[in-house]
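First the structure, in the form of structure tokens, and then the observations on it.
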Amino acid sequence: MSKQEKTVQVALAGNPNSGKTTLFNHLTGARQRVGNFTGVTVTRKEGVVSHKGWKIKLVDLPGTYSLSSKTVEEKVTREYILEESPDLIVDIVDAGNLERNLFLTTQLIEMDIPRVIVLNMIDEVRAKGVVIDTSNFSKLLSSPVVETVGRSGEGKDKLLDAIVEVAESGGKARQIRIPYDSHVEEAIDRTEQHIAKLHVGKVEEERSRWLALKLLEGDSDVLLQEGDHTDLIEAAKEEQFKLEESHGEDSQTLLADGRYGFIHGLVQEVESKSKSVTTQNLTRKIDQILLNRLLGLPLFLFFMWLMFQTTFTIGQYPMDWIDSGVSWFSNMMSAALPEGLVRDLVVEGIIGGVGGIVIFLPNIVLLFLFISFFENTGYMARAAFLMDHFMHGIGLHGKAFIPLLMGFGCNVPAIMAARTIENPKDRLLTILINPFMSCSARLPVYVLLAGIFFSENAGSVVFGLYLAGIFVAMSAAYIMKKTMFKGLSDPFVMELPPYRIPALRSVIIHMWEKAVEFLKKVSGIILVGSIIIWFLQAFPQNIELSMDYGAAQNRIEQQMVAGEEQTQALAKLSNAQAQEEQEKRYLGQIGKTIQPIFEPLGFDWKGSIALLTGFVAKEIVVSTFGVLYNTGNDVDEESVSLREAMAGSMAPEVALAFMVFTLLYMPCLATIAVIRRETQSLGWTMFSVGMGLSVAWILAWVVVRVARVLL
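The sequence shown begins at 0 in numbering that gives the first Met the number 0 and counts up by one.
Spelled out as structure tokens, the structure:
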């Protein structure tokens, strides 16, 4: 390039289901960096694209319906806009739901930030015979308006052109003011006057108006920010009281009415519809089946069963390939390294631990393929709708379904998502039952044990475990709602987006992100955990054994004729030596100490240790087994894989009980930490941990007893 590119910082904002992230993926491709927004676990995606001499830095903000401070997504989006001051905002609007999506647009207008309005999914609008006058739209909002189709990338270049156009103009455009009722405008003016007195020369005119609006809305963050200015807070409260007295409605409702009035008038100006279009569209026809009172729930359960069955069946092939690759690499390293502690660390600790979990990558990827497909088609929202009536029946808030559903991916962001529930009791109840939802980290444990002991029905067993987690969560919610959290839940209106064909690119990127996230975990906490576990099972080196195994081996070789009987006797002696050595090392001593707790469940000391290490992260459970079952034998071409090694060490009913315990006890340390942070209570955190352990132990015990009676 002849000259250095100029840089513009752009943030993408929009409602959930507006196609924002799909469009972001089209704009940036693989040129993305994924992290978290400061102080929260909300994912932050960044990407860079070059266009017409400009380096466009893009940030994908969380999907949000407004810029209040009620949810973590709203808080993160607003803080980013206010504190990092992007050069412009690209506001992604679902063209088929203008009135709902434009509420966020009005709030961005009130913040007076340069913007480009994107009418996304315009193809669906055209299919309905709806015409949007983008030229008039642009004039009325004093912003470029671009039509796009996020799935196909249509309009991507026009959007980049619009970004460059705004950047080159310096973001200068005619200011737009949302008009309110005359009494509201007077209240805004008086509040602005108070702000001007307190912040002389520090607050620009438009930012002053925005601050006044937030004070009149009773925005908690702004009230906290202005907490030192008691006169201003009192003046704002006085204005709120006057408005409520004169209109019979609170100021927040009056401001929302003003914005929706502006939106309604705008839509009337820019949108027209062909009279030939039938109202019975494809979405309604599909919903007549999938949301049918009798068919809806059975179909949902069938789709979930199909997801797990397919994940296990198809995933078995790449699992076997990776397993063979890990075994080959282990054998190669065993042959290449000299005998000693270093070889044991590499082969038994690192490869045995990390390799034991890496083989489950295909199952993780396939699971998120299905979840991404259900989300992108719009079916996941229908699942929430189907469960809403049932959830109200057991006392759960309708909004609780989304955090619970998110728990299938990871319990940490799922628990944080409970912030969307305004009622404190409903929010706390949702947080407490969320750990019962089986996160993806527990899947490798299920796949390992179900594949060994229930290979013919492995998919159904895993599906049953997920259902069991849901059942336990619902039962716990019902009991606690009837005892500790009495009271009615608030009503909740749920959004049902139209059905859409998922963009292959978006689904693949979602799968790739989850695969990378999984591998990062493997290379981080699981690697460290595997090394620590290996150290504990390898030391102390000099231990006193109950007998001279070398002499016993010589006696067998001298007294028995070489053959199968001698080989079996030597193998039995070798296994006895390895077992005694394991039990007398640090890890064995810890396992023996805690084994009495788990003995009624049929778990040996190895299983007890695996559950203990699983408190750090559930993936470490499999890594622990990988390290423990490698110990005592050099890994060579005669070695058996982890699955084969475990097959003879555990009864099927014990394996099922182990999976049930893994399902129900606390997911990981990160989950405990986020419960402590969200509840602001050590007591409720300990209650959650104790409840999970108690329920897990009791139900695992029941599984073993019932299975032994039936079998």
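No residue lacks a Cβ here, since even glycine has one placed at the ideal position from N, Cα and C.
The structure presented is a predicted model; accordingly, all values stated were derived computationally and were not measured.
Limits of the unbroken beta strand (DSSP E) element including residue i
| i | result |
| --- | --- |
| Gln8 | 5–13 |
| Asn119 | 114–119 |
| Ile131 | 129–131 |
| Leu87 | 87–93 |
| Ile55 | 53–59 |
Contacting residues, own chain, Cβ-Cβ under 8 Å from residue i (five flanking each side not counted)
| i | result |
| --- | --- |
| Gly631 | Confidence in Gly631 is poor, its pLDDT being 38 and thus under 50, which makes the residue's placement too unreliable to answer from. |
| Lys51 | Leu159, Asp160, Val163 |
| Ser545 | Glu579 |
| Val615 | Ile524, Gly528, Cys667, Leu668 |
| Thr729 | Nothing in the structure corresponds to residue 729, since the chain is present only between 0 and 710. |
| Phe311 | Asn362, Val446, Ala449, Gly450, Ala457, Gly458, Val461 |
| Trp304 | Gly458, Ser459, Phe462 |
Nonlocal neighbours in the same chain, by C-beta distance under 7 Å from residue i, ignoring five residues either side
| i | result |
| --- | --- |
| Thr715 | Because the chain is modelled from 0 through 710, residue 715 falls outside the range shown and cannot be assessed. |
| Thr190 | Ala211, Leu214, Leu215, Ala234, Ala235, Glu238 |
| Arg707 | Glu652 |
| Ile358 | Met318, Ile321, Asp322, Val325 |
| Val460 | Ala449, Phe453 |
| Val515 | none |
Contact check, residue i vs residue j, beta carbons under 7 Å
| i | j | result |
| --- | --- | --- |
| Val626 | Ile532 | yes |
| Ala644 | Ile451 | no |
| Val165 | Leu87 | yes |
| Val506 | Ser323 | no |
| Asn119 | Asn14 | no |
| Leu366 | Ala476 | no |
| Glu270 | Ile131 | yes |
| Val266 | Glu98 | yes |
| Val183 | Leu253 | yes |
| Tyr585 | Leu526 | no |
| Ala650 | Leu600 | no |
| Leu611 | Met510 | no |
| Tyr179 | Gly247 | no |
| Gly408 | Ser437 | no |
| Lys74 | Asp59 | no |
| Ile175 | Ile121 | no |
| Ala383 | Phe435 | no |
| Thr684 | Arg676 | no |
| Val124 | Gly95 | yes |
| Lys583 | Ile608 | no |
| Asp93 | Ser17 | yes |
| Arg381 | Thr70 | no |
Delimiting residues of the alpha helix (DSSP H) encompassing residue i
| i | result |
| --- | --- |
| Leu481 | Residue identity differs from the one stated: residue 481 is Lys in this sequence, not Leu. Looking at the DSSP string, the run of the alpha helix (DSSP H) that includes Lys481 is 457–482. |
| Glu556 | 548–558 |
| Glu244 | 229–246 |
| Asp160 | 155–167 |
| Arg676 | 668–678 |
| Met110 | Run containing Met110: none; DSSP gives neither H nor E here. |
| Ser181 | 181–197 |
| His388 | 378–392 |
| Asn574 | 563–583 |
| Ile350 | Premise fails: Ile350 is in no alpha helix (DSSP H) and is neither H nor E. |
| Pro443 | 442–452 |
| Leu627 | 618–627 |
| Met303 | 295–335 |
| Lys424 | 423–432 |
| Leu662 | 651–663 |
| Phe23 | 19–27 |
Sequence-distant residues of the same chain with beta carbon closer than 6 Å to residue i, five excluded per side
| i | result |
| --- | --- |
| Leu448 | Ala654, Met658 |
| Ala413 | Pro402, Met405, Gly406, Asn433 |
| Pro113 | Leu87, Val165, Gly170 |
| Ala399 | Thr429 |
| Ala695 | Phe660, Leu663, Tyr664 |
| Leu296 | Leu385 |
| Asp249 | Glu243 |
| Gln279 | At Gln279 the pLDDT is 44, less than 50, meaning the model places this residue with poor confidence; the figure from the coordinates comes in the next sentence. Nothing meets the Cβ criterion. |
| Tyr64 | Asn14 |
Presumed contact (8 Å Cβ cut-off) between residue i and residue j, rounded CB distance
| i | j | result |
| --- | --- | --- |
| Gly149 | His263 | About 26 Å separates the two Cβ atoms, so there is no contact after all. |
| Asn362 | Gly392 | The pair is not a contact, with the Cβ atoms about 33 Å apart (cut-off 8 Å). |
| Leu103 | Ala10 | No, Leu103 and Ala10 are not in contact; Cβ-Cβ is about 13 Å, not under 8 Å. |
| Val117 | Ile91 | 5 Å |
| Gln565 | Ile555 | 6 Å |
Bridge partners - residue i, DSSP secondary structure assignment
| i | result |
| --- | --- |
| His50 | Trp53 |
| Glu146 | Leu118 |
| Glu270 | Ile131 |
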